[in-house]
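Enquirer: Below is a structure I'd like to ask you about.
Numbering (my numbering), first residue to last: 28 to 115.
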């Protein structure tokens, strides 16, 4: 239970657990659209293929990041573009 206990040490522990749970829920909510897009790519036979180049993404990369839409090279290009846009 996450009721606030009277003991300050217990209260701190409960607050830490609440903070952890909020972070988990936030992460899961951010991941849901990415997972839905990955499932859509599986359904239309485009999963595992780079959205930019059409090249295979690679099993190792997909195992590490199963929601990725880009091969390494395309991902690096997107990161460079994002970096330049943030600096502008």
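All C-beta atoms in this analysis are idealised placements derived from N, C-alpha and C, irrespective of residue type, glycine included.
1. Can you give me the start and stop residues for the alpha helix (DSSP H) that residue 93 sits inside?
2. Within the continuous alpha helix (DSSP H) that includes residue 84, where are the two ends?
3. So, residue 89 versus residue 75, is the Cβ gap smaller than 8 Å?
4. Does the Cβ-Cβ distance between residue 96 and residue 72 come in under 8 Å?
Expert: From the atom records:
1. In the chain shown, residue 93 corresponds to position 66, counting from 1. From DSSP, residue 93 is part of no alpha helix (DSSP H); its letter is neither H nor E.
2. Your numbering for residue 84 matches position 57 in the chain shown. Where residue 84 is concerned, there is no enclosing alpha helix (DSSP H), given that its DSSP letter is neither H nor E.
3. For the purposes of this step, residue 89 is taken as the residue at position 62 of the chain shown. For the purposes of this step, residue 75 is taken as the residue at position 48 of the chain shown. Yes, Cβ-Cβ distance for residue 89 and residue 75 is below 8 Å.
4. Taking the first residue of the chain shown as position 1, residue 96 is located at position 69. Taking the first residue of the chain shown as position 1, residue 72 is located at position 45. Not in contact: residue 96 and residue 72 (Cβ atoms no closer than 8 Å).
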